[in-house]
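Undergrad: Below are the structure tokens for one structure; questions will follow.
Next comes the structure, spelled out in structure tokens:
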């Protein structure tokens with residue numbers, strides 16, 4: 001039988017230690033999620049349905065859609081989970097992988113067409129379809145391009161500034 005370590009906080013509040021946080025909702029951090037009670041109000045109020053409870057913690061799943069930064073999750077939360085109430089970007093940006101249809105000479109511009117920030121532009125290429133290029137400064141990390149990509153070729157990576165601080 002394998003036993004998991006339990007923190008003093010978890011013992012006191014009767015909650016197990018939480019592990020895989022995933023992508024935090026906008027305005028929340030991995031540290032601030034420790035205040036989360038897992039009530040699920042943010043899940044219920046999310047208009048795009050991308051907030052899910054995973055091990056009692058809210059996390060974002062861009063497979064269901066994009067974050068519109070409406071602030072409903074932070075306004076309904078009774079705990080001090082959301083440090084930035086009107087967050088308008090995530091600490092990550094989209095990255096177009098090698099599986100991209102346009103990079104494989106198949107015409108596709110789905111990601112650029114759905115990007116609310118117009119952060120994905122298409123550069124002309126000789127002998128093939130236009131190739132997507134991401135402007136990291138414009139990308140909010142909302143996930144619109146992730147959910148629309150027909151071959152799941154778009155991923156996430158830490159922003160350059162945050163990656164340099166680590």
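In full-length UniProt numbering, the protein residues as written are 1 to 166. No residue lacks a Cβ here, since even glycine has one placed at the ideal position from N, Cα and C. Note that this is a predicted model, so its numbers are computed, not measured.
Which residues in the same chain have their Cβ closer than 7 Å to the Cβ of residue 71, if we skip the five residues on either side of it in sequence?
TA: Position 71 of the chain shown, counted from the first residue, corresponds to residue 71. Taken in chain order, the residues that qualify are 85 and 86.
Undergrad: Using the C-alpha atoms, what's the distance from residue 46 back to residue 34?
TA: Numbered from 1 along the chain shown, position 34 holds the residue referred to as residue 34. Numbered from 1 along the chain shown, position 46 holds the residue referred to as residue 46. Rounded to whole angstroms, residue 34 to residue 46 spans 20 Å at the Cα level.
Undergrad: How should residue 74 be labelled, buried or exposed, when 16 other C-beta atoms within 10 angstroms of its C-beta is the threshold for buried?
TA: Taking the first residue of the chain shown as position 1, residue 74 is located at position 74. Burial call: buried.
Undergrad: Where do the N-terminal and C-terminal ends of the alpha helix (DSSP H) with residue 147 fall, by residue?
TA: Here residue 147 refers to the residue found at position 147 of the chain shown. From DSSP, the alpha helix (DSSP H) with residue 147 extends over 144 to 148.
Undergrad: Could you tell me the distance, in whole angstroms, from the CA atom of residue 152 to the CA atom of residue 99?
TA: As a first step, residue 152 is located in the chain shown; it is residue number 152 there, counting from the start. As a first step, residue 99 is located in the chain shown; it is residue number 99 there, counting from the start. Near 8 Å, if we compare the C-alpha coordinates of residue 99 and residue 152.
Undergrad: Three Cβ pairs or more, each shorter than 8 Å: is that satisfied between the region 109 to 118 and the region 142 to 156?
TA: Touching, per the Cβ criterion.
Undergrad: Out of 119, 56, 141 and 144, point me to the one whose CA is closest to residue 133's CA.
TA: Walking along the chain shown from the start, residue 133 turns up at place 133. When each option's Cα is compared against that of residue 133, the closest is 119.
Undergrad: Can the beta-carbon of residue 83 be found closer than 8 Å to that of residue 29?
TA: Your numbering for residue 83 matches position 83 in the chain shown. Your numbering for residue 29 matches position 29 in the chain shown. Yes, the Cβ-Cβ distance between residue 83 and residue 29 is below 8 Å.
Undergrad: Let me confirm a value: residue 81 is counted as buried when at least 16 other C-beta atoms fall within 10 Å, else exposed. Which label applies?
TA: Sequence index remark: in the chain shown, residue 81 carries index 81 (1-based). Under this definition residue 81 is a buried residue.
Undergrad: Look at the alpha carbon of residue 144 and the alpha carbon of residue 105, and state the distance between them as a whole number of angstroms.
TA: Translated into the one-based positions of the chain shown, residue 144 becomes position 144. Translated into the one-based positions of the chain shown, residue 105 becomes position 105. Those two C-alpha atoms are separated by around 23 Å.
Undergrad: Check whether the Cβ of residue 74 lies closer than 7 Å to any heavy atom of the ligand MG, and answer yes or no.
TA: Of the ligands one can find in the structure shown there are none, so the ligand MG has no counterpart to examine.
Undergrad: To test your reading of the DSSP string, which unbroken alpha helix (DSSP H) runs of 4 or more residues are found completely within the region 72 to 137?
TA: As far as the region 72 to 137 is concerned, its whole alpha helix (DSSP H) runs of at least 4 residues are 72 to 76 and 110 to 114.
Undergrad: Does DSSP put residue 63 in a helix, in a strand, or in coil?
TA: If you number the chain shown from 1, residue 63 lands on position 63. Of the three classes helix, strand and coil, the one that applies to residue 63 here is helix, per DSSP.
Undergrad: Give the straight-line distance between the Cα atoms of residue 117 and residue 141, rounded to the nearest whole angstrom.
TA: Sequence index remark: in the chain shown, residue 117 carries index 117 (1-based). Sequence index remark: in the chain shown, residue 141 carries index 141 (1-based). Answer to the nearest angstrom: the Cα atoms are 10 Å apart.
Undergrad: Is residue 26 buried or exposed, if buried means 16 or more other CB atoms sit within 10 Å of its CB?
TA: The count along the chain shown starts at 1 and reaches residue 26 at position 26. Residue 26 comes out buried.
Undergrad: Tell me the rounded alpha-carbon separation between residue 79 and residue 95.
TA: By 1-based counting over the chain shown, the position of residue 79 is 79. By 1-based counting over the chain shown, the position of residue 95 is 95. Rounded to the nearest angstrom, the two C-alpha atoms are 33 Å apart.
Undergrad: For the beta strand (DSSP E) holding residue 159, just list the boundary residues, first then last.
TA: Counted from its first residue, the chain shown places residue 159 at position 159. It is not in any beta strand (DSSP E) - residue 159 carries neither H nor E in the DSSP assignment.
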